[in-house]
Amino acid sequence: MRYAHIIGWGKYLPQRVMTNDDLARMVDTSDGWIRERTGIRTRHIAADHETTASMSIAAARAALDRAGVSPSELDLIIVATATPDHIFPATACLVQDALGAAHAGAFDLSAACSGFVYALSMAADRIRAGNANTALVIGAETLSRIINWNDRSTCVLFGDGAGAVVLQGSDQPGGVLSTLLRADGSGSDLLIVPAGGCKLPLTLEVLTRQLHTLHMNGREVYRFASRVLDRAAREVMHKAGWTSDQVDLFVPHQANLRIIESAARALNIPMEKVFCNIEHYGNTSAASIPIALAEAAESGRLRVRDRVIIVGFGAGLTWAAAAIEWSEPQAVSRSRWVLRRMSYGLAGVRSRARRLLRRLEDRLFGSGDPPPTTLIPKNGAAQGERHSTPSVSEPSQAEAQAR
Ligand code: ACO
Numbered sequence: 391m392r393y394a395h396i397i398g399w400g401k402y403l404p405q406r407v408m409t410n411d412d413l414a415r416m417v418d419t420s421d422g423w424i425r426e427r428t429g430i431r432t433r434h435i436a437a438d439h440e441t442t443a444s445m446s447i448a449a450a451r452a453a454l455d456r457a458g459v460s461p462s463e464l465d466l467i468i469v470a471t472a473t474p475d476h477i478f479p480a481t482a483c484l485v486q487d488a489l490g491a492a493h494a495g496a497f498d499l500s501a502a503c504s505g506f507v508y509a510l511s512m513a514a515d516r517i518r519a520g521n522a523n524t525a526l527v528i529g530a531e532t533l534s535r536i537i538n539w540n541d542r543s544t545c546v547l548f549g550d551g552a553g554a555v556v557l558q559g560s561d562q563p564g565g566v567l568s569t570l571l572r573a574d575g576s577g578s579d580l581l582i583v584p585a586g587g588c589k590l591p592l593t594l595e596v597l598t599r600q601l602h603t604l605h606m607n608g609r610e611v612y613r614f615a616s617r618v619l620d621r622a623a624r625e626v627m628h629k630a631g632w633t634s635d636q637v638d639l640f641v642p643h644q645a646n647l648r649i650i651e652s653a654a655r656a657l658n659i660p661m662e663k664v665f666c667n668i669e670h671y672g673n674t675s676a677a678s679i680p681i682a683l684a685e686a687a688e689s690g691r692l693r694v695r696d697r698v699i700i701v702g703f704g705a706g707l708t709w710a711a712a713a714i715e716w717s718e719p720q721a722v723s724r725s726r727w728v729l730r731r732m733s734y735g736l737a738g739v740r741s742r743a744r745r746l747l748r749r750l751e752d753r754l755f756g757s758g759d760p761p762p763t764t765l766i767p768k769n770g771a772a773q774g775e776r777h778s779t780p781s782v783s784e785p786s787q788a789e790a791q792a793r
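Sequential numbering from 391 applies to the sequence shown in this note's numbering.
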C-alpha cells in the first residue's frame, strides 16, 4: 500500500507590511475594531514586481530545499489560487518553467480558501494510486490586487503570500491519511469577484463600479464557516480513526480568530493545540494553511508522527479537510542543495533556449508575426502600467526577526 508523506515545506511573505493603523488612514476603521472582530494586526502586501507566480516559486524552492528534492524529480505541480497571474496559462506552468521541473504536469486549482486542501487531496490521491511519486502543492495569493481598497468591510481582512509542501510516496504508513472535499454552489454569490470572467468581461463601466474586486457578505460567510469547520474536522478525524484528544495540532484556515476559537471549542480542542498566525498575515486565502504548516514546522510545533487536522473554507462555497500524520524530516545534504541551486540557474537558461528555438522555428516555418508574449513584461504588469498598492509600513526589525 502507498502513502503520501509531506517531506518538505516552505513559505514566502512579501516584505511590505500594512498595519491596522495604515488602514485606518485609508478607510473609516480602527485598530481596535479590526483586532476585536478578526484578530488581525498586520498583513503583508506584495510589491509591484511580485505576483502569485513569483511568490509560489520562492515558497516552492524553500519546500524543495527542505525536502532535499530536485525539481526534475517532480511528477506534478498544483497551484491552488484565486488570484492567478493570468486566466491562462496556469500559474503552475510558470512555476514549472522557473523551477525546471521537466517531468512534471502542472495545473491551477480554483477553490478559493479551500484550494490548498483540495490540491493536497488531489496530489495525495495520485501518489496513493501509483500515478505519481513526488508532487509539489502550493497555495498562493495576491489578494491585494483584487481588493477594493475603499471597502472597509473587506480590505481589512486580506493579505498576500505563498506556502508550499512537497509530497512523496512511501510504503511506510503515515502522511495524508484521510480527506474530505465539499461544495455548495447555492452560496456562490456570498463571496465573489463578479467581473473579469466570461460572464462579465472587463469594461470601463465594470471597472468604475469595482465589479472586478472581491465582494463578500461577511455575516453569511461567518455563519457558513462556523457551521462547517468543526463538522469537516470531525469527519476526517473519524475516517483516520482518531478522537479529538488524540489530535496534536489543529490548523484551520486563518480567516477570523473568532471562527477559529468557536471551532476549537466545538471540537473540544484546547487553544494550545490550535495554530494561529492570523494576527501577522490576515486571511491569505489558499496560502493560509500551507504558510501555517511551514511556520508550525519551523517553530517546532510539529514533530514526527504528530496528528494534524487541517480545514479550509471559502468562496464557492467550498470546504475541505485532511488528517495528516506528520513525517520524519529528510536528511538534506549540502552537495544536493548546491546542485539544486545550480539547477534553478539552468532552468532559466533552458527556458530562454526553448523560447528562442520557438521563435526561430516561427521565423523559418511560421507567419513571422511577433509572439503575443512580447506584449507582457517580465513582472507580469501590462506595459506602461504600475500596480497601485496603497502605502504601507516597512516591517520593524522585531517583526522581521519574529517571522
Ligand atoms: N471597521 C469598522 N467598522 C466596520 C468595518 C471596519 N473595517 N467593517 C464593517 N464595519 C461595521 C459595519 O458597517 C457594521 O456597522 P452597522 O452595524 O452600523 O451596520 C458593523 O461594523 C458590524 O458589521 P458586521 O458585518 O456585522 O461585523 P462582523 O462582526 O460580522 O464582522 C467580518 C465582519 C469580520 C467580515 C466577519 O463577518 C467575518 O469574519 N466573516 C467571515 C469572513 C471569512 O471568513 N471569509 C473567509 C473566506 S475568504 C475567501 O474564500 C477568499
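The beta-carbon is built from N, C-alpha and C at its ideal position, and this holds for glycine as well.
(request) In the DSSP assignment, find the alpha helix (DSSP H) that holds Ala491 and state where it starts and stops. (result) Per DSSP, Ala491 belongs to no alpha helix (DSSP H) and is neither H nor E.
(message) Just to confirm the assignment, what range does the alpha helix (DSSP H) spanning Ile700 have?
(response) Annotation: Ile700 is outside any alpha helix (DSSP H); the continuous beta strand (DSSP E) that includes it extends over 697-704.
(message) What would DSSP say about Lys589, mapped onto helix, strand or coil?
(response) In this structure, Lys589 counts as coil in the three-state DSSP scheme.
(request) State yes or no: is the C-beta of Val555 within less than 8 Å of the C-beta of Trp399? (result) In this structure, Val555 places its C-beta atom within 8 Å of the C-beta atom of Trp399.
(message) Quick check: does the Cβ of Val739 come within less than 7 Å of any heavy atom belonging to the ligand ADP?
(response) This structure lacks the ligand ADP; the ligands present are the ligand ACO.
(message) Taking the straight line between their C-alpha atoms, what separation do you get for Ala354 and Val566?
(response) In the structure as shown, the chain begins at 391 and stops at 793. Residue 354 is therefore absent and cannot be evaluated.
(request) Please work out which residues of its chain come closer than 7 Å, Cβ to Cβ, to Ile467, disregarding the five sequence neighbours upstream and downstream, and give them in chain order. (result) Correct list, in chain order: Ala482, Val485, Gln486, Ala491, Ala494, Ala496, Leu526.
(message) To the nearest angstrom, how far is the alpha carbon of Ser675 from that of Val722?
(response) When only Cα atoms are considered, Ser675 and Val722 end up about 31 Å apart.
(request) Go ahead and pull the three-state DSSP assignment for Met606. (result) If DSSP states are grouped into helix, strand and coil, Met606 belongs with the strands.
(request) Count the other C-beta atoms from every protein chain shown that fall within 10 angstroms of the C-beta of Ile477, then say buried if there are 16 or more, exposed otherwise. (result) Exposed, because fewer than 16 other Cβ atoms sit within 10 Å of the Cβ of Ile477.
(message) Would you say the beta carbon of Cys666 is closer than 7 Å to some non-hydrogen atom of the ligand ACO?
(response) It does not: the Cβ of Cys666 is nowhere closer than 7 Å to a heavy atom of the ligand ACO.
(message) Nearest by alpha-carbon distance to Met391: which of Ala436, Arg516, Gly422 is it?
(response) Comparing C-alpha distances from Met391 to each of Ala436, Arg516, Gly422 shows the shortest one belongs to Arg516.
(message) Using 8 Å for Cβ pairs, my map puts Ala552 next to Tyr402. What's the rounded Cβ distance?
(response) Contact check for Ala552 and Tyr402: beta-carbon distance about 5 Å, within the 8 Å limit, so the pair qualifies.
(message) Just checking Thr409 against the ligand ACO - is the residue's beta carbon closer than 7 Å to any of the ligand's heavy atoms?
(response) Remark: the shortest separation between the CB of Thr409 and any heavy atom of the ligand ACO does not fall under 7 Å.
(request) Using the Cα positions of Ala771 and Arg691, report the straight-line distance between them to the nearest angstrom. (result) Residue placement at Ala771 is flagged as unreliable, the pLDDT there being 43, under the threshold of 50; a coordinate-derived value is accordingly withheld.
(request) Whole angstroms is fine: what's the gap from Ala687's alpha carbon to Leu750's? (result) One C-alpha to the other measures close to 47 Å.
(message) Pairs of beta-carbons, one from the segment 582-595 and one from the segment 661-669, closer than 8 Å: are there three or more?
(response) No, they do not touch.
(request) Run the proximity test for Val546: is its beta-carbon closer than 7 Å to any non-hydrogen atom belonging to the ligand ACO? (result) True, at least one ligand heavy atom lies under 7 Å from that Cβ.
(request) Return the CA-CA distance between Ala488 and Ser446, expressed in angstroms with no decimal places. (result) If you draw a straight line from the Cα of Ala488 to the Cα of Ser446, it is about 10 Å long.
(request) State the DSSP-derived secondary structure class of Gly505, mapped to helix, strand or coil. (result) Helix.
(message) Please list the terminal residues of the continuous beta strand (DSSP E) segment that includes Ser717.
(response) Going by DSSP, Ser717 is part of no beta strand (DSSP E) at all; its letter is neither H nor E.
(message) Taking the alpha carbon of Arg724 as the reference point, which residue from Ser460, Arg415, Arg425, Met416 has its own alpha carbon closest?
(response) For the residues Ser460, Arg415, Arg425, Met416, the minimum Cα distance to Arg724 belongs to Ser460.
(message) What I want to know is whether the C-beta of Cys503 ends up closer than 7 Å to one or more non-hydrogen atoms of the ligand ACO.
(response) Between the ligand ACO and the CB of Cys503, the shortest heavy atom gap is smaller than 7 Å.
(request) Taking only the alpha-carbon atoms, compute the straight-line gap between Thr580 and Asp696 and give it to the nearest angstrom. (result) Position check: residue 580 holds Leu in this sequence, whereas Thr was assumed. Leu580 and Asp696 have their alpha carbons spaced roughly 36 Å apart.
(request) Would you mind giving the Cβ-Cβ distance between Asn410 and Asp421, rounded to the nearest angstrom? I have them listed as a contact below 8 Å. (result) Indeed they touch by this definition, with Cβ atoms about 4 Å apart.
(message) Let me check you understand the geometry: is the CB of Trp709 closer than 7 Å to at least one non-hydrogen atom of the ligand ACO?
(response) For the ligand ACO, not one heavy atom lies less than 7 Å from the Cβ of Trp709.
(message) Can you confirm whether Val459, when its beta carbon is compared against all beta carbons of chain D, has any partner nearer than 8 Å?
(response) Given the protein chain composition of this structure (a single chain), no chain D is represented.
(request) Would you identify the three-state DSSP class for His628, choosing helix, strand or coil? (result) Looking at His628 - three-state DSSP - the assignment turns out to be helix.
(message) Can you determine whether any heavy atom of the ligand ACO sits closer than 7 Å to the C-beta of Trp423, and answer yes or no?
(response) Yes; taking the cut-off as 7 Å, the Cβ of Trp423 has a heavy atom of the ligand ACO nearer than that.
(request) Report the three-state DSSP secondary structure of Gly770 (helix, strand or coil). (result) Note on Gly770: pLDDT 43, under 50, position unreliable in the model; the coordinate value appears next. The answer is coil: DSSP assigns Gly770 none of H, G, I, E or B.
(message) Any heavy atom of the ligand ACO inside 7 Å of the beta-carbon of Tyr393?
(response) Between the ligand ACO and the CB of Tyr393, the shortest heavy atom gap is not smaller than 7 Å.
(request) Would you mind giving the Cβ-Cβ distance between Thr569 and Ala436, rounded to the nearest angstrom? I have them listed as a contact below 8 Å. (result) With a Cβ gap of about 30 Å, Thr569 and Ala436 do not count as contacting.
(request) Compute every distance between the C-beta of Val611 and the non-hydrogen atoms of the ligand ACO, then say whether any falls below 7 Å. (result) Within the cutoff, so yes.
(request) Could you tell me whether the segment 666-680 touches the segment 522-541, where touching means 3 or more Cβ pairs closer than 8 Å? (result) Segments in contact, yes.
(request) Please indicate yes or no: does the CB of Thr419 lie closer than 7 Å to some heavy atom of the ligand ACO? (result) Correct: Thr419 has its Cβ closer than 7 Å to the ligand ACO.
(message) Give me the residue from Gly706, Val694, Ile681, Val701 with the minimum Cα distance to Pro404.
(response) Comparing Cα-Cα distances from Pro404 to each of Gly706, Val694, Ile681, Val701, the minimum goes to Ile681.
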